Structure formats: C-alpha cells, structure tokens
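> Protein chains in written order, with the numbering used here: chain U, 14 to 316; chain E, 29 to 363. Glycine included, each C-beta is placed from N, C-alpha and C at the ideal position. Treat the numbers as computed from the prediction; the structure is a model and nothing was measured.
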Amino acid sequence: MTDSDIGVAPPETLRAAVWGQFRKHRGAVFGLVVLVLLIVFSVLGPFVWGPEKLSVAEALKSKNLGSSFVHPMGTDQLGRDTMQRMMAAGKVSLAVGFVAMIIAIFLGTLVGVLAGYFRRLDGPLMRLTDMFLALPLIPLLLVMVMLFRDKIARNLGPEMGAFVLIVFAIGVTSWMHAARIVRGEVLALKEREYVLASRSIGATSRRVILRHILPNVVSPVMVAATLGVAEAIITESVLSFLGLGFPPDFPTWGRLLYEGLEYMQLYPERVIFPGLAISLTVLSVNYIGDGLRDALDPRIRGR
Amino acid sequence: MLTYTLRRLLLAIPTLLLISLVIFLLVDLAPGSPASEIPLTVPPEVRMKILEALGVNEPLHVRYLLWLKQFFWVEPLNGFDSLFGTNFAEGMQRIISYQSRSPVFPLIGERLPQTLTVIGTAYLLGVVIALPIGIYSAYRQYSLFDQFGTMFAMIGFSVPTFFTGTLFIIIFAVWLGWFPTKYDTTLVVADWESFLKQLRQMAMPVMVLGLANAAAISRYMRSSMLENMGQDYVRTARAKGLDEQVVVLKHVLRNSLIPVVTVIALGIPSIFGGAIITENLFGVNGIGSALIQAIRGNDLPMVQTLAFIFAILIVAFNLIADLLYGMLDPRIRYD
Chain U
14 MTDSDIGVAP
24 PETLRAAVWG
34 QFRKHRGAVF
44 GLVVLVLLIV
54 FSVLGPFVWG
64 PEKLSVAEAL
74 KSKNLGSSFV
84 HPMGTDQLGR
94 DTMQRMMAAG
104 KVSLAVGFVA
114 MIIAIFLGTL
124 VGVLAGYFRR
134 LDGPLMRLTD
144 MFLALPLIPL
154 LLVMVMLFRD
164 KIARNLGPEM
174 GAFVLIVFAI
184 GVTSWMHAAR
194 IVRGEVLALK
204 EREYVLASRS
214 IGATSRRVIL
224 RHILPNVVSP
234 VMVAATLGVA
244 EAIITESVLS
254 FLGLGFPPDF
264 PTWGRLLYEG
274 LEYMQLYPER
284 VIFPGLAISL
294 TVLSVNYIGD
304 GLRDALDPRI
314 RGR
Chain E
29 MLTYTLRRLL
39 LAIPTLLLIS
49 LVIFLLVDLA
59 PGSPASEIPL
69 TVPPEVRMKI
79 LEALGVNEPL
89 HVRYLLWLKQ
99 FFWVEPLNGF
109 DSLFGTNFAE
119 GMQRIISYQS
129 RSPVFPLIGE
139 RLPQTLTVIG
149 TAYLLGVVIA
159 LPIGIYSAYR
169 QYSLFDQFGT
179 MFAMIGFSVP
189 TFFTGTLFII
199 IFAVWLGWFP
209 TKYDTTLVVA
219 DWESFLKQLR
229 QMAMPVMVLG
239 LANAAAISRY
249 MRSSMLENMG
259 QDYVRTARAK
269 GLDEQVVVLK
279 HVLRNSLIPV
289 VTVIALGIPS
299 IFGGAIITEN
309 LFGVNGIGSA
319 LIQAIRGNDL
329 PMVQTLAFIF
339 AILIVAFNLI
349 ADLLYGMLDP
359 RIRYD
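1. Specify the secondary structure class of Ile286 (chain E) as computed by DSSP and reduced to three states.
2. Compare the Cα-Cα distances from Ser28 (chain E) to each of E:Ala158, E:Asn115, E:Ile136 and report the closest residue.
3. Below 8 Å between beta carbons is the criterion; list the residues of the segment 186 to 204 of chain E that meet it against any residue of chain U, in chain order.
4. May I ask which residues mark the beginning and end of the alpha helix (DSSP H) holding Asp135 (chain U)?
5. Name the one or two DSSP bridge partners that Asp94 (chain U) has.
6. List, in chain order, every chain U residue whose beta-carbon is nearer than 7 Å to that of Asn308 (chain E).
7. Measuring straight from C-alpha to C-alpha, what distance separates Arg36 (chain E) and Ile197 (chain E)?
8. Report the residue from U:Gly33, U:Val46, U:Ala102 whose alpha carbon sits nearest the alpha carbon of Ser55 (chain U).
9. Report the CB separation of Phe185 (chain E) from Ala265 (chain E) in whole angstroms; it is logged as a contact under 8 Å.
10. In angstroms, rounded to a whole number, what distance separates the CA positions of Met179 (chain E) and Leu296 (chain U)?
11. With a threshold of 8 Å on Cβ separation, who are the neighbours of Leu352 (chain E) within its own chain once the five nearest residues in sequence on each side are excluded?
12. For the 8 Å Cβ check, are there 3 or more pairs between the segment 299 to 308 of chain U and the segment 115 to 125 of chain U?
13. Given that Gly288 (chain U) touches chain B, what residues does it touch there, using C-beta distances under 9 Å?
14. Run through the segment 164 to 218 of chain U for me and flag every whole alpha helix (DSSP H) of 4 or more residues, listed as ranges in chain order.
15. Take Phe207 (chain E) as the anchor and find which of E:Val234, E:Ile51, E:Phe100, E:Gly258 has the nearest alpha-carbon.
16. When you compare each of E:Val217, E:Trp101, E:Phe173 to Ser246 (chain E) by their alpha carbons, which one comes out closest?
17. So what does DSSP say about Arg59 (chain U), is it helix, strand or coil?
18. Report the partner residues of Pro72 (chain E) according to the DSSP bridge assignment.
19. Since Pro131 (chain E) sits in a beta bridge, which residues does DSSP pair it with?
20. Classify Tyr207 (chain U): buried if its beta carbon has 16 or more other beta carbons within 10 angstroms, exposed otherwise.
21. Counting only beta-carbon separations shorter than 9 Å, does Asn326 (chain E) have a partner in chain U?
22. Just to confirm the assignment: which complete alpha helix (DSSP H) runs, minimum length 4, are found wholly within the segment 137 to 221 of chain E?
23. Could you spell out where the alpha helix (DSSP H) holding Asn106 (chain E) opens and where it closes?
24. Considering only heavy atoms of the ligand SAM, does any lie closer than 8 Å to the CB of Gly184 (chain U)?
25. Per the contact definition of three or more C-beta pairs closer than 8 Å, is the segment 247 to 257 of chain E in contact with the segment 154 to 174 of chain E?
26. At which residues does the alpha helix (DSSP H) containing Phe338 (chain E) begin and terminate?
27. With a 10 Å radius around its C-beta and 16 neighbouring C-beta atoms as the bar for buried, classify Gln142 (chain E) as buried or exposed.
28. Assuming the contact rule is C-beta atoms closer than 8 Å, Gly129 (chain U) and Leu200 (chain U) should be a hit. Round their C-beta distance to whole Å, please.
29. Out of curiosity, what's the CA-to-CA distance linking Val112 (chain U) and Val298 (chain U)?
30. Does chain E have any CB closer than 9 Å to the CB of Leu51 (chain U)?
31. Give, in chain order, every residue of the segment 34 to 47 of chain E whose Cβ lies closer than 7 Å to some Cβ of chain U.
32. Beta-carbon within less than 6 Å of Val284 (chain U)'s beta-carbon, same chain only, minus the 5 sequence neighbours each way: which residues are those?
33. Name, please, each residue of chain U whose Cβ falls closer than 7 Å to the Cβ of Phe99 (chain E).
34. Only counting the same chain, and skipping five residues up and downstream in sequence, which positions put a Cβ closer than 7 Å to that of Gly238 (chain E)?
35. On the DSSP letters alone, give me the boundaries of the alpha helix (DSSP H) that His89 (chain E) sits inside.
36. Tell whether a beta-carbon distance below 9 Å holds between Val236 (chain E) and Thr306 (chain E).
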C-alpha cells in the first residue's frame with residue numbers, strides 16, 4: 014500500500030504554497046499581468062510591428078499624424094512612428110530598471126551580510142550606510158551624469174556610455190535599504206541553532222554564509238528587489254525628464270515624455286503615452302512587491 | 029536626553045564632514061572641470077591667469093579646506109554682518125558663483141522664499157489631507173473607503189510627480205484654462221486681486237506635490253492607527269463607557285501620531301529633492317531650479333553649496349525626528 018492509497022495528500026512544495034498565496038492577492042496578479050504585457054510589448058513588439066523605413070519626403074509628409082491604422086499612436090514631429098519609439102524606449106527603461114536593481118541588490122546584500130555576520134565590520138559598514146542615506150541623491154545623480162557623461166561616452170560610445178553611467182549611478186546610490194534589511198535578518202539568523210551546529214562541526218564562515226545564511230535572506234531580498242526596480246525606473250525617468258539622461262536618439266520613456274513636453278498643448282498624447290507606461294510599470298511592480306511580501310511571509314501564508 | 033542630544037550633535041559633525049568631502053571630490057575631480065572648459069587656443073600664461081582667478085590652481089586639500097572655511101565661517105559672518113550692520117567679514121573671500129560672478133549665498137537667499145511658499149504649502153496640504161484619510165481608513169478597516177484609500181495611496185506613490193504635473197497642466201491649464209501653466213515669480217501680493225492670482229498660480233504645483241506626499245503619509249497614519257486600535261487600553265476605554273469619538277480621537281489618535289510625526293519630519297528634506305522636478309515643470313524660480321541651472325552652466329561652487337545644503341537638511345531632520353520620537357514617546361529613553 015502506498016501513501017496515496019491512504020488518502021494523504023502529497024506535501025505542498027514551498028513554491029506551490031508561495032504561488033498559491035500570491036494568487037490570492039488581486040493587486041499582485043493584476044500587476045504581474047500588466048508587467049508581463051509591458052515586457053512583451055517592448056521586447057517582442059518590434060519583431061511583430063515594424064513600419065517600413067520612410068524616405069525623407071515621405072517622412073516630411075507623415076509628420077505629426079494622429080492615430081491611424083498605419084500608426085496606432087500617431088507620429089512625432091520628425092515623422093517617426095510613436096509606437097515603435099515606445100517599444101524601443103520600453104526596452105531601455107525596463108533594462109535600466111532591472112540592471113540597476115541587480116547592482117543595488119548585490120551591493121546591499123554584500124554589505125548587509127558582512128555587517129551582520131562579522132561584528133568587527135558592523136560599525137564601519139553601518140556608518141557608511143548611514144552616510145549614503147544622508148547624501149542628497151537626486152542632486153548628486155544629476156551632477157554625476159552631467160560631469161561624467163562626455164568622458165564615458167568617449168570611451169564606450171554615446172549610447173552604451175549613457176546606459177553604463179546611469180545604471181551604475183543608480184545602482185551605487187540605492188543599495189542602502191537592502192543592506193539594512195539584510196543586516197537585520199543576518200543578525201537574527203546567526204544566533205540560530207543550525208548555524209551554531211554548522212559552526213561546531215568546523216564549517217568556515219564562507220560556507221556558513223553561503224549554505225545557511227544566504228538562502229534564508231532570499232525572501233526579504235526579493236521584496237526589496239521588486240521595489241528597487243520601480244525606484245530605478247522612476248529615477249531614470251527623472252534624470253531623462255530633466256534632460257540629463259540618455260542622448261536624444263536613444264529613447265527611454267522618460268526621454269519621450271521630456272520631448273513631448275514641447276508639444277504638450279497640441280499633441281497631449283505624446284506626453285500621456287510614455288507617462289502612462291512609466292506609471293503602469295511602477296504601479297504593477299509595487300503591487301507585485303506587495304503580493305510577494307505577503308506570499309513569502311510564513312505567518313501570513315496558509316491562513 | 030541632553031547628553032543624547034549632545035552626543036548626536038557631535039556625531040553629526042564627522043558625518044557632515046565626510047559628506048562634504050564626497051560632494052567636493054565628486055564635483056571637483058570630474059572631467060567637466062573649469063580647466064577643460066577654456067578653449068585650447070588660449071595661450072598657456074593666460075590660461076594660468078584664468079585658473080588663478082577661479083582659484084582652482086591650488087592643491088586639492090587647500091581648496092577643500094578653503095571651501096569649508098568659506099562655508100562654515102565666512103558666509104555665516106557675512107550673514108551676521110548684513111543683519112546687524114557690522115563688518116567682521118570684510119576682506120574675506122566668499123564662495124563665488126561662476127555663472128553670475130556674485131556670492132552664492134545671497135543668490136540662494138533670493139530663491140529660498142519661492143521654494144518655501146510652494147513646497148511648504150504643498151507639504152502642509154499633504155499632511156492635512158493624509159491624516160483624516162488615514163484615521164478613517166483604519167477605523168473602518170477593509171471598508172469601501174479603506175479600499176479606495178489604499179488604491180489612492182498606491183497610485184499616489186507609483187505615479188511620478190512629473191507625470192501628474194504634466195497631466196494637471198494638460199487638463200487644468202490647457203483644456204479647462206483654470207490656472208496659468210507657468211508660475212510668475214515677479215508677482216507681488218499687494219491686494220485681494222493679486223492674492224487670488226497668487227493662489228491660482230500656486231494651485232497646480234501645490235496639488236501635485238501635496239497629493240504625492242499625502243499618499244505616503246496616509247499609509248503611515250493608517251498602519252499606526254491599526255496597531256493601536258487592538259491595544260488593551262483601547263478596550264479598557266471602551267469598557268468604561270467612553271464615547272467612541274473620545275476613544276478614537278483622543279486615546280488612539282494621540283498615541284498613533286507619535287511615529288507619524290517623526291515620519292513627517294523625516295520627509296521634509298526629501299521634498300526639497302522632489303521639488304527640483306516640480307519647480308522645473310512649473311517654472312517656480314526656487315532652489316531646485318537654481319540647482320538645475322547651475323548644473324547646466326557648469327557652475328561648480330553653486331552645485332557644491334546647494335548639494336551640501338541638501339545634505340545638511342537631511343542630517344538635521346534625521347536628528348530632529350529621533351529627538352522628537354524620544355520626547356513624544358515616554359517608553360523610549362535614550363539615556
């Protein structure tokens with residue numbers, strides 16, 4: 014006789030439990046759907062949708078068109094198809110958000126684990142974190158972009174240079190919250206019995222951290238990471254909005270909005286489309302973060 | 029409490045020094061320095077003269093110390109002089125803006141009132157909107173009102189202010205024509221007419237910033253209320269027959285406001301950062317737009333000074349929030 018014959022349900026895996034709880038959060042599911050749609054729109058969109066290249070004369074004729082079957086979102090002041098630009102911009106905006114988040118989370122987890130695990134490093138690293146938290150970030154980011162843009166553009170090319178600079182600048186100025194959260198978790202975790210047991214059989218600090226501590230801080234880090242994506246996308250669009258982001262022919266949603274401002278009175282849709290895209294992305298990411306927080310918390314899950 | 033305050037004040041000094049060093053080095057070591065702005069056709073001896081006049085040919089540590097001295101000693105002395113008509117600061121070199129060739133601090137002083145009127149009103153409005161929403165949301169948890177409040181807050185801190193701002197301009201200024209699109213800084217409020225005009229031009233920036241702030245604060249108010257609603261003293265108050273109004277507005281509200289007050293204090297410096305966007309969008313001639321102009325014009329002294337002032341604000345309000353928390357909550361004693 015096997016287990017299933019007695020009628021005992023197989024134990025629920027952690028992944029299934031988390032997914033089950035996540036699905037109950039209506040906002041989170043809505044967020045996930047919207048985010049996936051936006052990603053599909055920007056990444057797969059260009060393969061499906063690509064109006065043919067226009068000659069100069071044709072481009073002149075198709076300036077400032079309204080929405081039509083050929084150009085669903087109209088064209089801009091140079092006759093470029095707005096939808097195509099929205100797709101290209103979305104790819105960059107989302108890429109900036111994700112890469113900057115990865116940098117920030119990596120730095121944050123590193124600092125947090127080191128500060129939480131090694132008592133000697135705790136003081137100096139946390140003072141460093143406090144100092145970073147007291148830095149006026151938007152002004153500093155603006156200064157960094159303004160001062161280093163030309164230099165880096167000369168070495169890496171204007172597009173790659175701007176991308177590397179902005180992603181790096183956002184990453185190194187937004188790791189502090191993750192570091193604090195991780196440090197708090199590690200401080201509690203390292204007093205647990207299984208850490209003591211593992212140390213008593215002679216495991217090195219490196220092994221204890223990689224095997225026992227890190228897997229247990231994954232859930233708070235994941236929540237911080239989702240919220241980090243939203244923050245990075247907003248920061249990038251603020252920089253672009255102030256005219257200090259990417260170069261003009263390398264659009265992001267923030268950049269499109271900035272360019273649309275000039276024509277806001279006649280063609281408000283040029284501001285509304287990119288603005289809506291940014292807002293929807295951030296809103297959905299925030300909802301996903303909310304749902305993840307509930308789903309990953311064992312005290313809430315299963316109730 | 030006093031020893032704690034003193035200790036925190038002393039600890040703030042190295043933090044600020046470190047931040048000032050970071051800001052100074054970042055701006056100073058960057059490739060876009062004034063030396064690279066001089067055309068190559070300028071003969072070397074003239075170039076040296078220009079650099080000397082800008083004061084950038086000295087070694088790095090000398091310039092940093094000079095800047096610190098100017099910031100913390102010369103400028104306050106100048107402020108003292110202009111207040112009391114003395115002349116202690118005579119002959120001392122002030123921080124000079126590259127753009128306007130005049131001292132930086134009076135320039136900032138000219139800009140500050142505009143920022144304070146718009147941003148200050150917006151923050152006050154945000155608090156005034158947020159508190160009742162938060163209180164009622166918590167009191168009727170999971171009600172329709174609460175769910176709308178939650179959605180409003182989520183949208184409020186997801187939609188960036190530059191988008192709400194442009195939307196407001198399109199709707200209220202372009203379509204409806206209620207408010208002017210640009211803020212007129214030269215307007216002098218002298219009579220009722222001009223006061224109304226001032227109100228109308230302030231309406232949009234204040235609403236944009238106010239709503240963004242209200243979203244976050246109402247969430248804090250709600251969760252703080254919820255935490256206190258389940259406490260034993262609330263049950264006691266109800267059990268002895270107190271009015272529901274008294275229980276909620278007196279017992280619960282007072283205790284719930286403690287963390288919210290500190291959150292409000294902590295938010296003040298960050299709204300100066302957020303004001304950069306709003307000021308640029310609506311053309312408010314405040315310190316945020318001064319910073320952008322300085323950055324565009326490569327005006328290093330102005331950028332350094334403004335960025336450092338932002339940093340001082342952050343450190344100061346962190347300290348104020350911590351002290352307020354200790355004063356308001358008797359359970360927290362720092363000594």
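Taking the coordinates as given:
1. Reduced to three states, the DSSP call for Ile286 (chain E) is helix.
2. Here chain E covers residues 29 to 363 and nothing more, so residue 28 (chain E) does not appear.
3. Ser186, Val187, Pro188, Phe190, Phe191, Thr194, Leu195, Ile197, Ile198, Val202
4. 132 to 147
5. U:Thr88
6. Leu255
7. 44 Å
8. When each option's Cα is compared against that of Ser55 (chain U), the closest is U:Ala102.
9. A Cβ-Cβ separation of about 33 Å leaves Phe185 (chain E) out of contact with Ala265 (chain E) under the 8 Å criterion.
10. 10 Å
11. Val289, Thr290, Ala293
12. no
13. Annotation note: the requested chain B is absent from the structure, which comprises protein chains U and E.
14. 171 to 185, 189 to 202, 206 to 213
15. E:Val234
16. E:Phe173
17. Sequence inspection shows Pro at residue 59 (chain U); the Arg mentioned does not correspond to that position. Correct three-state label for Pro59 (chain U): helix.
18. Note: Pro72 (chain E) sits in no beta bridge, so no partner.
19. E:Ile124
20. exposed
21. yes
22. 172 to 186, 189 to 196
23. 103 to 112
24. This structure lacks the ligand SAM; in fact it carries no ligand of any kind.
25. yes
26. 328 to 356
27. buried
28. With a Cβ gap of about 5 Å, Gly129 (chain U) and Leu200 (chain U) count as contacting.
29. 15 Å
30. no
31. Thr43, Leu46, Ile47
32. Leu270, Gly273, Met277
33. Those do not exist, as Phe99 (chain E) stays about 15 Å from chain U at its closest Cβ, beyond 7 Å.
34. Ala150, Leu153, Gly154, Ile157
35. For His89 (chain E), the enclosing alpha helix (DSSP H) stretches over residues 88 to 97.
36. Result yes, Cβ atoms of Val236 (chain E) and Thr306 (chain E) sit closer than 9 Å.
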